[in-house]
Structure formats: structure tokens, C-alpha cells
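Numbered by our numbering, the letters in the sequence shown go through residues 1 to 202 in order. Heads up, the beta-carbon is just placed ideally off N, CA and C, and yes, glycines get one too. Bear in mind the structure is a predicted one, so any value in this text is a computation, not a measurement. What follows is one structure encoded as C-alpha cells, with my remarks underneath.
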Amino acid sequence: MAGDSSSPSGTVPELDRSIHSAPLDQILFDTFGTTRARFVPLSEVSDALQTDFRGAITPVALPAYGALDALPWLDDDDLVLGYESGDDAYAYPINILNFHEIVNDTIGGVQVLITYCPLCFSGVVFNRELDGQTLIFGNTSALYQSDLVMSDHQTGSYWFQVAGEAVVGTMTGSRLKPLAVTTMPWGQWKGLHADTFLITGS
């Protein structure tokens with residue numbers, strides 16, 4: 001069974017934009033209609049606005065899990081991300097990930113990061129421990145190459161989700177280790193894993 005993750009706390013360090021491998025004008029913030037332009041590049045965003053955008057999409061820091069029938073609205077045709085740890089299996093409905101995009105958890109002693117980009121439909125799981133440090137991830141409301149950009153709470157660095165690579169900030173060039181994950185219909189997943197743990201929220 002999954003264990004508790006450390007809840008994000010304290011102030012996220014300011015992003016060091018002087019260090020980057022991705023062009024800053026190609027990292028675009030979705031302003032959710034709060035500015036005249038729908039998308040604003042990182043090169044033009046103030047630190048204050050950047051902080052506001054960070055809280056627009058809330059990641060899951062302390063996930064709760066239930067049994068197969070814990071979510072009555074979940075249909076057999078609905079897609080889930082499936083992750084296995086030893087004899088245990090975990091299911092993350094895309095319908096939940098659409099709203100949160102990121103789940104920080106500890107499963108089987110591994111610090112895992114479950115990620116999903118609703119725009120490009122990429123679901124990737126990583127080990128979020130790097131060089132002996134456990135990173136906690138959140139959202140930025142930014143996109144790079146039409147894929148979500150994450151940030152770590154330890155350094156404030158920006159990470160390209162599909163590659164698990166830091167592209168702006170002091171962690172630039174660092175990569176997370178990808179872990180095996182499967183995308184399949186819920187009915188098929190629960191048929192293979194009758195005792196699966198199903199995320200229900202946080």
C-alpha cells in the first residue's frame with residue numbers, strides 16, 4: 001500500500017531563468033483568460049504572475065486510495081494509468097488526472113511521481129528521488145512543445161514532463177528515472193488486477 005508523501009510546504013524558491021536549455025520564449029503560460037493574451041512566454045512573465053499561475057492547477061500530495069468500487073462514476077471504458085509495485089497495483093483514472101496532472105506519492109519504498117498532460121495525452125511515471133534528494137513536484141500552468149511543464153518545490157526549476165528533464169533553473173539538465181506505466185481501459189485493468197488500489201483523491 002502507498003505511504004504518505006511529504007506535503008508541499010514553505011515557499012518555492014524563485015526560478016533562476018539565467019540557466020536554461022529550452023528557449024524561454026517557447027515556454028508558454030496558459031493565463032486562463034486573466035490577461036489580454038491567452039498564452040504568455042516565460043521571458044515576459046513577472047515573478048508575481050508566475051507564482052499566481054503555479055497555484056492554478058493543484059497537484060495531489062497525499063493521495064487517498066479505495067477499492068474497485070470506490071468511484072461509482074468510473075466506467076469500464078474510461079482510461080486509467082496503471083502502475084505496479086511488486087504484487088501491488090495502482091490505478092489513476094485519466095478523469096482525475098485531467099484536473100490535477102501530478103501525483104506525488106511513496107509506493108513500495110519508491111518516491112513516485114505520476115504525471116499526465118491533458119493536452120498531449122502523455123502519461124508518464126518517474127522516480128522523483130534524484131541524487132539522494134526526494135523532490136516534490138507541482139504545476140506551473142506552462143507548456144513547452146505543447147506538453148505540460150512541472151516545477152520542483154526544492155529549487156523551483158522547471159521540468160519538461162514527457163522527458164522528465166529540467167529545462168530551466170538550477171536543475172537544468174537533470175533527468176528523472178522513468179518507471180513502467182500502462183494506459184488501458186479501467187475494465188481491462190481491474191480484470192488483470194482484482195486487488196488494485198484506486199486513487200480517489202487527496
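| field | Three-state class that DSSP yields for GLY108 in the structure shown | value | Mapped onto the sequence shown, residue 108 falls at position 108. DSSP places GLY108 in coil when its eight states are reduced to three.
| Would you call GLU101 buried or exposed, if buried means 16 or more other Cβ atoms sit within 10 Å of its Cβ? | Here residue 101 is taken as the residue at index 101 of the sequence shown, counted from 1. Label assigned to GLU101: buried.
| query | Should the segment 29-38 be regarded as contacting the segment 171-178, the criterion being three or more beta carbon pairs within less than 8 angstroms? | reply | As far as the Cβ criterion goes, the segment 29-38 does not touch the segment 171-178, which means the pair count is below three.
| Where the alpha helix (DSSP H) through ASP25 begins and ends | As a first step, residue 25 is located in the sequence shown; it is residue number 25 there, counting from the start. Segment: none, ASP25 is in no alpha helix (DSSP H) and carries neither H nor E.
| request: Starting from the C-beta of SER85, find all residues in its chain whose C-beta is less than 6 angstroms away, skip the five residues before and the five after it, and write them out in chain order. | output: Working through the sequence shown from its first residue, we reach residue 85 at position 85. Once the five neighbours on either side are set aside, the close Cβ partners of SER85 are ILE107 and GLY108.
| field | Straight-line Cα distance separating ASN139 from ASP47 | value | Taking the first residue of the sequence shown as position 1, residue 47 is located at position 47. Taking the first residue of the sequence shown as position 1, residue 139 is located at position 139. Straight-line spacing of the CA atoms in ASP47 and ASN139 works out to 15 angstroms.
| query | Per DSSP, GLN133 is paired with what? | reply | Position 133 of the sequence shown, counting from 1, holds the residue named residue 133. Residue pairing by DSSP puts GLN133 in a beta bridge opposite LEU130.
| message | If we require 3 or more residues per run, which beta strand (DSSP E) segments fall completely within the segment 16-73? | response | Within the segment 16-73, the complete beta strand (DSSP E) runs of at least 3 residues are 27-30, 39-41 and 64-66.
| said: Less than 7 angstroms between C-beta atoms, sequence neighbours within five positions excluded: which residues of the same chain meet that for GLY3? | reply: Mapped onto the sequence shown, residue 3 falls at position 3. Unreliable positioning characterises GLY3 in this predicted model, as indicated by a pLDDT of 48, which lies under 50. The coordinate reading is nonetheless provided below. Cβ within range, chain order: THR106.
| From ILE19, THR11 and VAL12, residue whose alpha carbon lies closest to that of MET171 | Against the sequence shown, residue 171 aligns to sequence position 171. Just measuring C-alpha positions, the residue of ILE19, THR11 and VAL12 sitting nearest MET171 is ILE19.
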